[in-house]
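As structure tokens, the structure follows; a few thoughts come after it.
Protein chains in written order, with the numbering used here: chain A, 8 to 334; chain B, 65 to 412.
As structure tokens, then:
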């Protein structure tokens, strides 16, 4: 019985891997060509959200513009698929490898293999916890702590004239994930400077609308007076909006809402006045990635940490930005 | 009194009461139910409302487990059903047209039924172990849901669709009405007609049942199809509640919660016996636990530990062997169904 289960898991895993590798760019042939054209192997996490899809598109389009040959693979949120994809890039002798690690740990072996093959590695969007930082050239991605700080600064600014206590509830992302930890820390750092802000409840909504709604419903019942909601992503905020409306309150007025991400549905809610402020977490890092890749391949020095260019939106700015948003 | 104590549902009921009591102490207004905007509003209403999809999935799971099987694919069916319905509705010219929404709902439920029947075919027709047969759809189904949604979250803006999981009818949450209807129908079919007996006999010994003239295959096909349908309805509720379909996260791990609900309710995993009311109680315990965690403010880092503790206590209390040891009863209490007692041990 157990054997059969494990056999099936194996078959499933293999099938998934094949699907993952199968979706790599069909240009074929070996990379590392001598014609000066850069070949990049990019191992994406998956296509789990609109954010990620926009991220993929950005990388693919920028590669085309920059004249970089892109080999793309989708790991379907599984680390083993990503490791396999990276190993295959090493075998194909690509010029540079870029990837968004599914999880933080367990990358040392495969990164050492890349280093031994003299292929530089760039991390995008998410980092790894390897002690040996020489294993990768640079990490390009959002600064989640800064995003939390930006949300906090807006809050402080919004209530700068008042002296009354401001009751804040927080919807955290998936417990233990880097964005959840960092956004929470950044927000707290700014907000805790003023004692009038009180975080009266803080729970995980797993970054999903359904959980965001469920948790907010419970918050609304156990805390009669909530002034502000801080959600670690738009989706949880969108779920919470429904809960707030269900409780007969007006989101954006009775309860002010600040979220992070700026995906399309979130921006729409912001433009509609249901959200008050969104801190952008931009997936459009393709151009920056290609620039870094070129520098790294030439052997130029690059900073160990590059922050994605991103901004934040008020309701007015959302109305202007919406028609041209890519995601 | 002792008969009351020995009732199968006594200990789960005690746990539910204890959880509610915890809220009475730690949370203000937990038991207040008021009318807001013409519908019921309160924490207790929330428990039933958010618990509704789980109750449905667990009901289907109960019958499957009663036949000695298991269905791991319900979470994927939940995702597929919601995804398909939302995709159809988002394609509608007028998302608020009742006919269009009804069409989408019927289509999604039909697909769920087919997926359930597929499981039944693998189990009854080909004879694959249920855990393997349904594992296939559990893995592949998630991919199918992502294929339907294109990996994106599909947002719809349709008030008729919203009614299913997030709306109210006669001040009651519509989801609860659906659950009550499905529960009544299931109870009628299995407890008033012979169907329940057939299911239990197939679970007890499929071969003996076949020799006795029961179409074991037919019964198996039916319970898996029913389980798929229940998961489909739950999927509609979950996606309708947030007016969007999320192929990645909708119904994720709900199969485990459903199995837990069934087990807490006193249905043994070995099959041959089932309790619908126990399952409902089990699902309510799980949802009450979740809501309790949010309202008394257990820190997210320790949420899982807290849940694990409660579930362990429930399972231990459900075990007659454990109770005997702890409460120092002399000898086993004479029971009308010794076999049932023994099986309940397996449950824990």
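Even glycine gets a Cβ: it sits at the ideal position worked out from N, Cα and C. Just so it is clear, the structure is predicted and the values come from calculations on it, not from any experiment.
Chain B contact for residue i (CB, 8 Å cutoff)
| i | result |
| --- | --- |
| residue 51 of chain A | no |
| residue 60 of chain A | yes |
| residue 65 of chain A | no |
| residue 85 of chain A | no |
| residue 133 of chain A | no |
| residue 172 of chain A | no |
| residue 30 of chain A | Reliability of the predicted coordinates at residue 30 of chain A is poor, the pLDDT of 37 falling under 50, and the value obtained from them is presented with this limitation in mind. Judged by the 8 Å Cβ criterion, residue 30 of chain A is not in contact with chain B. |
| residue 193 of chain A | no |
| residue 182 of chain A | yes |
| residue 249 of chain A | yes |
| residue 225 of chain A | yes |
| residue 246 of chain A | yes |
| residue 325 of chain A | no |
Residue span of the beta strand (DSSP E) that contains residue i, given as start and end
| i | result |
| --- | --- |
| residue 100 of chain B | 98-100 |
| residue 5 of chain A | Look at the range of chain A in this structure, 8 to 334, and you will see that residue 5 of chain A is not part of it. |
| residue 314 of chain A | 312-314 |
Residues bridged to residue i (per DSSP)
| i | result |
| --- | --- |
| residue 82 of chain B | Partner(s): none; residue 82 of chain B has no beta bridge. |
| residue 236 of chain B | B:233 |
| residue 321 of chain A | A:284 |
| residue 205 of chain A | A:174 |
| residue 219 of chain B | B:308 |
| residue 211 of chain A | A:179 |
| residue 148 of chain A | A:314 |
| residue 103 of chain B | B:100 |
Inter-residue spacing [alpha-carbon to alpha-carbon] between residue i and residue j
| i | j | result |
| --- | --- | --- |
| residue 197 of chain B | residue 186 of chain B | 6 Å |
| residue 293 of chain B | residue 165 of chain A | 49 Å |
| residue 380 of chain B | residue 332 of chain B | 14 Å |
| residue 263 of chain A | residue 234 of chain A | 6 Å |
| residue 279 of chain A | residue 330 of chain A | 14 Å |
| residue 169 of chain B | residue 226 of chain B | 12 Å |
| residue 238 of chain A | residue 332 of chain A | 21 Å |
| residue 301 of chain A | residue 77 of chain A | 13 Å |
| residue 343 of chain B | residue 246 of chain A | 28 Å |
| residue 248 of chain A | residue 208 of chain A | 17 Å |
| residue 239 of chain B | residue 348 of chain B | 14 Å |
| residue 193 of chain A | residue 159 of chain A | 8 Å |
| residue 155 of chain A | residue 328 of chain A | 22 Å |
| residue 314 of chain B | residue 117 of chain B | 11 Å |
| residue 241 of chain B | residue 259 of chain A | 32 Å |
| residue 305 of chain A | residue 149 of chain A | 25 Å |
| residue 295 of chain B | residue 85 of chain A | 26 Å |
| residue 114 of chain B | residue 318 of chain A | 36 Å |
| residue 182 of chain B | residue 106 of chain A | 38 Å |
| residue 321 of chain A | residue 102 of chain A | 41 Å |
| residue 112 of chain B | residue 386 of chain B | 31 Å |
| residue 81 of chain A | residue 90 of chain A | 11 Å |
Short CB-CB distance (under 8 Å) between residue i and chain A
| i | result |
| --- | --- |
| residue 269 of chain B | no |
| residue 68 of chain B | no |
| residue 364 of chain B | yes |
| residue 114 of chain B | yes |
| residue 216 of chain B | yes |
| residue 110 of chain B | yes |
| residue 306 of chain B | yes |
| residue 288 of chain B | no |
| residue 385 of chain B | no |
| residue 318 of chain B | no |
| residue 78 of chain B | no |
| residue 93 of chain B | yes |
| residue 355 of chain B | yes |
| residue 155 of chain B | no |
| residue 131 of chain B | no |
| residue 389 of chain B | no |
Delimiting residues of the alpha helix (DSSP H) encompassing residue i
| i | result |
| --- | --- |
| residue 385 of chain B | 384-391 |
| residue 188 of chain A | 185-198 |
| residue 143 of chain B | 138-155 |
| residue 156 of chain A | 151-165 |
| residue 130 of chain B | 107-130 |
| residue 259 of chain B | 259-268 |
| residue 73 of chain B | That residue, residue 73 of chain B, is in no alpha helix (DSSP H); it is neither H nor E in DSSP. |
List, from N- to C-terminal side, the beta strand (DSSP E) runs of 3 residues or more that fit wholly inside the region 66-140 of chain A.
Listed in chain order, they are 76-81, 103-106, 128-131.
Report the start-end ranges of each beta strand (DSSP E) in the region 213-276 of chain A that is 3 residues or longer and not cut off at the edges.
Within the region 213-276 of chain A, the complete beta strand (DSSP E) runs of at least 3 residues are 235-238, 263-268.
What are the start and end residues of each continuous beta strand (DSSP E) run of 3 or more residues lying completely inside the region 300-355 of chain B, in chain order?
You should have 308-310.
Could I get the ranges of all uninterrupted alpha helix (DSSP H) runs contained in the region 164-215 of chain B, with 4 residues as the minimum, in chain order?
Secondary structure in the region 164-215 of chain B: the alpha helix (DSSP H) runs of 4 residues or longer, each lying completely within the stretch, are 194-213 in chain order.
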